[in-house]
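Asks: Residue numbers (the UniProt record's numbering): 1 to 304.
#1: Once DSSP output is grouped into helix, strand and coil, what is the label at residue 133?
#2: Where residue 246 and residue 63 are concerned, what is the direct C-alpha to C-alpha distance, given to the nearest angstrom?
#3: Give me, in chain order, the residues of the same chain whose beta-carbon lies closer than 8 Å to that of residue 269; leave out the 5 immediate sequence neighbours on both sides.
#4: For residue 67, which residues in the same chain have their Cβ closer than 7 Å to its Cβ, ignoring the five residues on either side in sequence?
#5: Under the rule that 16 or more other beta-carbon atoms within 10 Å means buried, what is residue 248, buried or exposed?
#6: Whole angstroms is fine: what's the gap from residue 187's alpha carbon to residue 71's?
#7: Taking just the CA atoms, how far does residue 117 sit from residue 131?
#8: Using 10 angstroms around the beta-carbon of residue 193, count the other beta-carbons present and answer buried if the total reaches 16, otherwise exposed.
#9: Taking the straight line between their C-alpha atoms, what separation do you get for residue 94 and residue 34?
#10: In angstroms with no decimal places, state the Cα-to-Cα distance between residue 9 and residue 55.
#11: Please report how far the alpha carbon of residue 302 lies from the alpha carbon of residue 267, in whole angstroms.
#12: So residue 119 is in the alpha helix (DSSP H); what residue range does that whole segment cover?
#13: Which one of 196, 41, 198 and 211 has the shortest CA to CA distance from residue 180?
#14: Can we say the stretch 143 to 161 touches the stretch 194 to 207, given the rule of at least three CB pairs closer than 8 Å?
#15: Can the beta-carbon of residue 127 be found less than 8 Å from the beta-carbon of residue 169?
#16: Rounding to the nearest angstrom, what Cα-Cα distance links residue 175 and residue 29 in this structure?
#17: Is the distance from the Cβ of residue 75 to the Cβ of residue 109 below 8 Å?
#18: Write down every uninterrupted run of the alpha helix (DSSP H) in the stretch 12 to 83 whose length is 4 residues or greater and which is fully enclosed by it, in chain order.
#19: Once DSSP output is grouped into helix, strand and coil, what is the label at residue 216?
#20: Comparing alpha-carbon positions, which option in 172, 234 and 222 lies nearest residue 196?
#21: Sort 60, 272 and 31 by Cα distance to residue 20 and report the nearest one.
#22: If you measure from the beta carbon of residue 56 to each beta carbon in chain C, is any gap under 8 Å?
#23: Assuming residue 120 contacts residue 85 (C-beta within less than 8 Å), just tell me the rounded distance between them.
#24: In this structure, does DSSP put residue 125 in helix, strand or coil?
#25: Would residue 275 be called buried (16 or more neighbouring beta carbons within 10 Å of its own) or exposed?
#26: Grab the span of the alpha helix (DSSP H) containing residue 256 for me, first residue to last.
#27: Kindly indicate the opening and closing residues of the alpha helix (DSSP H) around residue 170.
#28: Taking just the CA atoms, how far does residue 65 sit from residue 90?
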């Protein structure tokens, strides 16, 4: 999409422009095939070509930004997170210049800022990731005001992502507020768009522990129960994809109830969580470790 921001080049640039477009398209194709290392190398070649064009042709700058976004994605897939963040930062700088005169560049800027925040978080550069998370919320809200209804889901997800990043800095109160906003928005949206139910379930899942850390146990219990309700519906359709979410939220509920002194309810929740984990096919070593923790928790709660 980003490379379609500008489609014309001066006559003297046509051969290089065509070569850059073809190289970028090949990089995208390799990325879609899961060949991340090759995709990164080829896309980096396209970036170099677009840089040469952009030095004397402003119309190439949009394509350069888009190719840098793609490069960041492929580098992140290789776990080269600092390099991905650098590519994102260059794309963001270009799109900031283009945004005042292009609605498409404003959309690209919001997406690029979000990507940059994700990759900075993966590189454990959390303060910068949080700042970009806050900016993503602002940019997405601005887009939603420009086109009412077109970016409502993106706004909700921006709040959710911001809350998750705030957790990494221990900013629980601000995280709680962001996650509450995400849950409220997604709850409204899912009525008309059931495809957002997994995101709502995820938002409820993350809200519970944050509320618990702030000693808001009633809210933590309510969030876990909502997440369980959503994951039951999802697991009924796709058990393999959502059994972990169901079991994990049952475990969270058990711990919140235990901390609230409601041991009988906690026992029932942890018992069901154990049942779900045991019935899950292809249990991993991390699943087995969680199961052992739950068995100890059940033993602790047995005498109520």
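Heads up, the beta-carbon is just placed ideally off N, CA and C, and yes, glycines get one too. Source: prediction; values computed, not measured.
Replies: To lay it out plainly:
#1: Helix.
#2: Straight-line Cα distance between these residues: approximately 43 Å.
#3: Excluding residues within five positions, the ones whose Cβ falls inside 8 Å are 250, 251, 253, 254 and 257.
#4: So the qualifying residues of the chain are 3, 24, 43, 46, 47 and 50.
#5: Under this definition residue 248 is a buried residue.
#6: Their Cα atoms are separated by approximately 34 Å.
#7: Distance between the alpha carbons of residue 131 and residue 117 is about 8 Å.
#8: Around the beta carbon of residue 193, a 10 Å sphere encloses fewer than 16 other beta carbons of the protein chains shown; the residue is thus reported as exposed.
#9: Taking the straight line joining both Cα atoms gives about 28 Å.
#10: Residue placement at residue 9 is flagged as unreliable, the pLDDT there being 44, under the threshold of 50; a coordinate-derived value is accordingly withheld.
#11: So the two alpha carbons sit approximately 7 Å from each other.
#12: Its alpha helix (DSSP H) spans residues 103 to 122.
#13: Comparing Cα positions, the closest option is 211.
#14: In the pairwise beta carbon analysis, the stretch 143 to 161 is classified as touching the stretch 194 to 207: at least three pairs are separated by under 8 Å.
#15: For residue 127 and residue 169, yes; Cβs fall inside 8 Å.
#16: Spanning the two alpha carbons is a distance of roughly 37 Å.
#17: Between residue 75 and residue 109, the CB-CB gap reaches or exceeds 8 Å.
#18: Segments of the alpha helix (DSSP H) lying fully in the stretch 12 to 83: 14 to 32, 36 to 54 and 61 to 77.
#19: In the structure shown, residue 216 sits in coil (DSSP, three-state: anything other than H, G, I, E or B).
#20: For the residues 172, 234 and 222, the minimum Cα distance to residue 196 belongs to 234.
#21: It is 60 whose Cα lies nearest to the Cα of residue 20.
#22: Protein chain content of the structure displayed is limited to a single chain, and chain C is not contained in it.
#23: Their Cβ separation, rounded to whole angstroms, is 5 Å, which keeps residue 120 and residue 85 in contact under 8 Å.
#24: When DSSP states are grouped into helix, strand and coil, residue 125 belongs to the coil group.
#25: It counts as exposed.
#26: Start and end: 239 to 259.
#27: Annotation for residue 170: no alpha helix (DSSP H) segment contains it, and DSSP assigns it neither H nor E.
#28: Straight-line Cα distance between these residues: approximately 7 Å.
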